[in-house]
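Asker: Numbering follows the UniProt record's numbering, in which position 16 of the sequence shown is assigned residue number 16; successive positions increment by one, without gaps. Mind having a look at this structure? Questions to follow.
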Amino acid sequence: SVPEMLARVKDVCKRNGLLILSVLSVIVGCLLGFFLRTRRLSQQEISYFQFPGELLMRMLKMLILPLVVSRNMFPANLVEATFKQYRTKSIPIVKANKAASESTTHRIIIYGVQDENGSNIQNFALDITPPPEVIYKSEPGTSEGMNVLGIVIFSATMGIMLGRMGNSGVPLVSFCQCLNESVMKIVAVAVWYFPFGIVFLIAGKILEMDDPSAIGKKLGFYAITVVCGLVVHGLFILPMMYFFITKKNPIVFIRGILQALLIALATSSSSATLPITFKCLLENNHVDRRIARFVLPVGATINMDGTALYEAVAAIFIAQVNNYELDFGQIITISITATAASIGAAGIPQAGLVTMVIVLTSVGLPTDDITLIIAVDWALDRFRTMINVLGDALAAGIMAHICRKEFTKDGSEHPSDNGLPEKWLCEDKDITTSHTHSSRTRRKPHRNSYREIQ
1 SVPEMLARVK DVCKRNGLLI LSVLSVIVGC LLGFFLRTRR LSQQEISYFQ
51 FPGELLMRML KMLILPLVVS RNMFPANLVE ATFKQYRTKS IPIVKANKAA
101 SESTTHRIII YGVQDENGSN IQNFALDITP PPEVIYKSEP GTSEGMNVLG
151 IVIFSATMGI MLGRMGNSGV PLVSFCQCLN ESVMKIVAVA VWYFPFGIVF
201 LIAGKILEMD DPSAIGKKLG FYAITVVCGL VVHGLFILPM MYFFITKKNP
251 IVFIRGILQA LLIALATSSS SATLPITFKC LLENNHVDRR IARFVLPVGA
301 TINMDGTALY EAVAAIFIAQ VNNYELDFGQ IITISITATA ASIGAAGIPQ
351 AGLVTMVIVL TSVGLPTDDI TLIIAVDWAL DRFRTMINVL GDALAAGIMA
401 HICRKEFTKD GSEHPSDNGL PEKWLCEDKD ITTSHTHSSR TRRKPHRNSY
451 REIQ
């Protein structure tokens, strides 16, 4: 009936409202940008038009601000070492050649004869003029902007040390958790401004382009590069790691989590896919419940290998669009920063755009050019989410294989939610036929160990 159909459409729009608005904003921004190109706006008018999009970029940069605010907890010298990026400058010192009157007392006369081809006499004069001698002097200094890679490494080291401090580190851990929660609430509010800001960002970027068709071709090759990288990582590297460690067929394991991969493709959120991934691992692949409950939440939080691959390729693409040549050291910096920044990416749709600002800032690339990849980010986000979920599931399978001996020593069965024993992935033989002890004496130690692991 019509009311049921309207209710279903309303439910779909409510669940995918942000995605629908983002796609519409990309379309409206492109149409508006190409329409305004015919009006030949001045540079000042374009700047005014881009103001709502500039607010969106300021919001993205604002999310990095809590890292800088926390500097008040540390001494001043640590602040300088952490937030300033050390760089050695090479200053050219031009040493002019001596004049002819100073170098010799004899007058030298040079005759320039023009050949029959009509060579340029100016080039001939430049050829006989010796170039000035340039000597480079190294001078220490700092580059503009924050040392984002230093911040990430320092934060990770601080987190490891706080975890080892025990109860004495609880206050600072609580502060960091509250700070992280507040930033996530800001992200939840700011993300709804994205569709409005994207319209002006994309339209303004089209107005600034000299040749939009050339940029469109580069964007197509960029999307193909990202998809090919994700396919190689997801269909070859991750299954090969699973096979070499467990000596089991990865295709059978991946077949058991196809439902979770499809949900990841539809929702574009690894956190939203987490319950389905639990269900697939427990029911289809028979992974021990304790391993799944430990590995999957941790993986959904920090294991963002698809996001890291995407951010590295996007940063190199933005550098190529701006004709910015990256040296080997900057490529290594992009790789490390993308890997570290993906750990901090929330498991929500298009969270990679937030951490993309960190990657671009680490090598001095313009953050405004994120608008170039927004047009295809909504589609690429779904593929990299599938890789993230696949990596989490395979990691759980590997951990189940590695820990099979420890769990075998702990006991022969584990109670499921309905009170019946489960067959483990890490144990092939039937372990439910042992009657050496009564059910009361066998289940009691398992419940205690189950609470301790939880």
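In this text, a Cβ means the ideal position worked out from N, Cα and C, and glycines have one as well.
In terms of residue numbering, what span does the alpha helix (DSSP H) encompassing S47 cover?
Answerer: It spans 43–49 - the alpha helix (DSSP H) in which S47 sits, taken as one unbroken run.
Asker: So which of L394, I387, V28 has the shortest CA-CA distance to L230?
Answerer: Of the listed residues, the one whose Cα sits closest to L230 is I387.
Asker: Does DSSP put Y324 in a helix, a strand or coil?
Answerer: If DSSP states are grouped into helix, strand and coil, Y324 belongs with coil.
Asker: Can you tell me whether S268 is buried or exposed, with buried defined as 16 or more other CB within 10 angstroms of its CB?
Answerer: By the 10 Å Cβ count, S268 comes out buried.
Asker: Skipping 5 residues on each side, what residues in its chain have a beta carbon closer than 7 Å to that of V191?
Answerer: L18, listed in sequence order.
Asker: Measuring only from the beta carbon, is T38 closer than 7 Å to any heavy atom that is part of the ligand NAD?
Answerer: With respect to the ligand NAD, the structure shown offers nothing to examine, as it has no ligands at all.
Asker: Under 8 Å between the Cβ atoms of P250 and N322?
Answerer: No, Cβ-Cβ distance for P250 and N322 is not below 8 Å.
Asker: State the DSSP-derived secondary structure class of R39, mapped to helix, strand or coil.
Answerer: Of the three classes helix, strand and coil, the one that applies to R39 here is coil, per DSSP.
Asker: Along the chain, where does the alpha helix (DSSP H) containing T301 start, and where does it finish?
Answerer: Taken as a continuous stretch (DSSP letters only), the alpha helix (DSSP H) holding T301 covers 289–302.
Asker: If you follow the alpha helix (DSSP H) that P366 is in, where does it begin and where does it stop?
Answerer: Run containing P366: none; DSSP gives neither H nor E here.
Asker: Which term fits G299, buried or exposed, when burial requires 16 or more other beta carbons within 10 angstroms of its beta carbon?
Answerer: It counts as buried.
Asker: Are the Cβ atoms of A314 and I202 separated by less than 8 Å?
Answerer: Taking 8 Å as the Cβ cut-off, A314 and I202 do not qualify as a contacting pair.
Asker: Tell me whether H268 sits in a helix, a strand or coil according to DSSP, three-state version.
Answerer: The sequence shown places Ser at residue 268, not His. Three-state result, S268: coil.
Asker: Where does K247 fall in DSSP's three states?
Answerer: Note: K247 maps to coil in three-state DSSP.
Asker: Determine the contact status of L274 and A292, defining contact as a CB-CB distance below 8 Å.
Answerer: Contact flag unset, no.
Asker: In angstroms, rounded to a whole number, what distance separates the CA positions of M356 and Q330?
Answerer: The straight-line gap from Cα to Cα measures roughly 15 Å.
Asker: I'd like to check one pair, G256 with N285: are the Cβ atoms closer than 8 Å?
Answerer: Yes; because the gap between Cβ atoms is below 8 Å, this pair is in contact.
Asker: Can you list, in chain order, the residues of its chain whose CB lies under 8 Å from that of F51, leaving out five sequence neighbours each side?
Answerer: So the qualifying residues of the chain are F200.
Asker: By how many angstroms is the C-alpha of R37 removed from the C-alpha of A338?
Answerer: Straight-line Cα distance between these residues: approximately 35 Å.
Asker: With distances taken Cα to Cα, identify the nearest neighbour of L56 among C30, D368, K185.
Answerer: Among C30, D368, K185, the Cα nearest to that of L56 is on D368.
Asker: Distance, Cα to Cα, T333 vs V363?
Answerer: Distance between the alpha carbons of T333 and V363 is about 7 Å.
Asker: State the start and end residues of the unbroken alpha helix (DSSP H) segment that holds S213.
Answerer: Segment 212–232, the alpha helix (DSSP H) holding S213.
Asker: When burial is assigned at 16 or more other CB atoms within 10 Å of the CB, is P195 buried or exposed?
Answerer: Buried is the call here.
Asker: Work out the CA separation of I254 and S182 for me, nearest whole Å.
Answerer: If you take the alpha carbons of S182 and I254, they lie about 36 Å apart.
Asker: For E325, is the classification buried or exposed, using 16 other Cβ atoms within 10 angstroms of its Cβ as the cut-off for buried?
Answerer: The residue in question, E325, is exposed, as its Cβ has fewer than 16 Cβ neighbours within 10 Å.
Asker: What is the C-beta distance between P265 and R382, in whole angstroms, given that I count them as a contact (C-beta under 8 Å)?
Answerer: According to the sequence displayed, residue 265 carries Leu and not Pro. The Cβ separation is near 5 Å, so the contact holds.
Asker: Roughly how far, in whole angstroms, is the beta-carbon of G33 from the beta-carbon of I198, given that I think they are within contact range, below 8 Å?
Answerer: Not quite, the Cβ-Cβ distance comes to about 11 Å (not below 8 Å), so this is no contact.
Asker: Just how far apart, CA to CA, sit R8 and G163?
Answerer: Rounded to the nearest angstrom, the two C-alpha atoms are 47 Å apart.
Asker: Alpha carbon to alpha carbon, how far is L390 from I276? Give it in angstroms, no decimals.
Answerer: Cα to Cα, I276 sits roughly 12 Å from L390.
Asker: State the DSSP-derived secondary structure class of G53, mapped to helix, strand or coil.
Answerer: The answer is helix: DSSP assigns G53 an H, G or I state.
Asker: Report the rounded CA-to-CA distance for P239 versus V227, giving the unit in angstroms.
Answerer: Taking the straight line joining both Cα atoms gives about 17 Å.
Asker: Can you give me the C-alpha to C-alpha distance between A395 and I343, rounded to a whole angstrom?
Answerer: Going by the C-alpha atoms only, they are around 16 Å apart.
Asker: Rounded to whole angstroms, what's the CA-CA distance from T385 to I263? Just pull it up for me.
Answerer: T385 and I263: Cα-Cα distance of roughly 10 Å.
Asker: If you reduce the DSSP assignment to three classes, tell me which class S1 lands in.
Answerer: Reduced to three states, the DSSP call for S1 is coil.
Asker: Would A379 and V287 qualify as a contact pair, given that the criterion is a beta-carbon distance under 8 Å?
Answerer: In this structure, V287 does not lie closer than 8 Å to A379 by Cβ.
Asker: Do E208 and I46 have their C-beta atoms closer together than 8 Å?
Answerer: Taking 8 Å as the Cβ cut-off, E208 and I46 qualify as a contacting pair.
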